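Here the structure comes first, spelled out in structure tokens, and everything after it is commentary.
Number of protein chains: 2
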Amino acid sequence: MAEVETPSDAGQVDTPLAEFIGYAMKRALSIVQADLSRVLGGFGLRAVSFSALSIVVAQPGLTQTQLADALQIERSNLVTILDELSGRGLIIRAPVAQDRRRHALMATAEGQTLAQAAQTAVKTHERALFSCLTPEEQHELKRLLTKFRGQAGA
Amino acid sequence: MAEVETPSDAGQVDTPLAEFIGYAMKRALSIVQADLSRVLGGFGLRAVSFSALSIVVAQPGLTQTQLADALQIERSNLVTILDELSGRGLIIRAPVAQDRRRHALMATAEGQTLAQAAQTAVKTHERALFSCLTPEEQHELKRLLTKFRGQAGA
DNA sequence: TATTGTTATACTCTATAACTATA
DNA sequence: TATAGTTATAGAGTATAACAATA
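Protein sequences, first through last, are from chains A and B. Heads up, the first sequence is in numbering that gives the first Met the number 0, so the first residue is 0 and it goes up one at a time. Heads up, the second sequence is in numbering that gives the first Met the number 0, so the first residue is 0 and it goes up one at a time.
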């Protein structure tokens, strides 16, 4: 069997995947998620509970099914997340008079305050993280991602 | 307790998260991943095994540690992936004469052929998926993601 | 009959520690 | 002692089916 020389430059070894937007997206996201977890950890929140809480604050009265749809997660998996938020007194599941199957989700005052603080912190840290891009580039990146989601995700 | 009206427009309910690039990235990626899984399923590959095979084809002689680093996954988790590729005769773990602890990863002829075909298919489907963006926008999106990773991921 | 929230469960992904064989 | 590959395992995250209460 022939001798083999192992490449020494492992840093640029993923070249064949460099042409795929999906791959670039995945690698970029993992950097953002690491930063996000760190920041939200200070508030006792995970990314998904932060998202859930933020939406409940913005759209009080949402039902669990609506929230699960908004987050694109399964209703069953949302239960644990809401138990967590509710257990900390950040949200309540209010009864809906017209339909007793549904829960209207509402943030408590404490939940609103925490959501506000966490959003500010995330915004600050995202700004720092993306400071290697110009403000125009940051805006364009978000615009392109959002446009793509709007068109391709239909 | 006051009556509650539940919002009827659940589609735009994630507004408070719309300002975060990370959130836009996550939602965009999940669309790409769904498409990718579908395409790669036809080749009996998952995203991670496709990535691994592609890199081995491009960089023959890589060791497992180098490949794990390139893919940013744990060495331990790479083992199963390589067992899978090796079991299908797509790659081999060749012995390295200078260091008998290491395995030099090499794609077989069949592995090279499959990688080539899968890459073409992924490229085609990614092009179709991103057709809602102009070629300039697609290029810019990839450039921004790559620049971000290069700068922020250091 | 259908829907809402819930439980249970299984399956994938990821992370960590410890082992072996080599260096 | 340290490194490469491996094993085992635990913890997330995610997906599916089925149930009780209600419509």
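Note that beta-carbon positions come from the ideal geometry of N, C-alpha and C, so glycine has one too. This one's a predicted model, so the numbers in the text were calculated from it and none came from an experiment.
Would threonine 112 of chain B be called buried (16 or more neighbouring beta carbons within 10 Å of its own) or exposed? The residue labelled residue 112 of chain B in the question sits at position 113 within the second sequence. Under this definition threonine 112 of chain B is an exposed residue.
Anything in the segment 19–41 of chain B with a Cβ closer than 9 Å to a Cβ of chain A? List those residues in chain order, please. Of all residues in the segment 19–41 of chain B, Phe19, Ile20, Gly21, Tyr22, Ala23, Met24, Lys25, Arg26, Ala27, Leu28, Ser29, Ile30, Val31, Gln32, Asp34, Leu35 have a Cβ within less than 9 Å of some Cβ in chain A.
Bridge partners for proline 94 of chain A per DSSP, in chain order? Taking the first sequence and counting its residues from 1, the one referred to as residue 94 of chain A is at position 95. Its beta-bridge partners are A:His102.
Measure the C-alpha to C-alpha separation of methionine 0 of chain B and proline 94 of chain A and round it to an integer number of angstroms. Counting from 1 along the second sequence, the entry for residue 0 of chain B is found at position 1. Counting from 1 along the first sequence, the entry for residue 94 of chain A is found at position 95. Any reading at methionine 0 of chain B must be qualified, since the residue scores a pLDDT of 36, below 50, and its modelled position is unreliable; no value is offered.
Beta carbon proximity, glutamate 109 of chain A to chain B, threshold 9 Å: Taking the first sequence and counting its residues from 1, one reaches residue 109 of chain A at position 110. Taking CB atoms only, glutamate 109 of chain A has no neighbour in chain B less than 9 Å away.
Measuring only the C-alpha atoms, how far is leucine 128 of chain B from arginine 100 of chain B? In the second sequence, the residue the question calls residue 128 of chain B occupies position 129. In the second sequence, the residue the question calls residue 100 of chain B occupies position 101. If you draw a straight line from the Cα of leucine 128 of chain B to the Cα of arginine 100 of chain B, it comes to about 43 Å.
Just confirm the distance between the C-beta atoms of glutamine 63 of chain A and histidine 102 of chain A, as a whole number of angstroms; I'd bet it's less than 8 Å. Your numbering for residue 63 of chain A matches position 64 in the first sequence. Your numbering for residue 102 of chain A matches position 103 in the first sequence. The pair is a contact, with the Cβ atoms about 6 Å apart (cut-off 8 Å).
CB glycine 176 of chain A to CB alanine 23 of chain B, shorter than 9 Å? This structure cannot speak to residue 176 of chain A, because chain A is shown only from 0 to 153.
By Cβ distance below 8 Å, which residues in the same chain neighbour isoleucine 54 of chain A in space, the five residues on each side in sequence not counted? The residue labelled residue 54 of chain A in the question sits at position 55 within the first sequence. Within the same chain, isoleucine 54 of chain A has close Cβ partners Leu61, Leu66, Ala69, Leu70.
Looking at C-alpha atoms only, which residue of B:His138, B:Ala117, B:Leu84 is the closest neighbour of leucine 39 of chain B? Taking the second sequence and counting its residues from 1, one reaches residue 39 of chain B at position 40. Closest option to leucine 39 of chain B, judged by alpha-carbon separation, among B:His138, B:Ala117, B:Leu84: B:Ala117.
Close beta carbons around arginine 45 of chain B, own chain, < 7 Å, minus the five adjacent residues each side: Here residue 45 of chain B is taken as the residue at index 46 of the second sequence, counted from 1. Here the set comprises Leu39.
Taking the straight line between their C-alpha atoms, what separation do you get for arginine 92 of chain A and aspartate 82 of chain B? As a working note, residue 92 of chain A is residue 93 in the first sequence. As a working note, residue 82 of chain B is residue 83 in the second sequence. One C-alpha to the other measures close to 48 Å.
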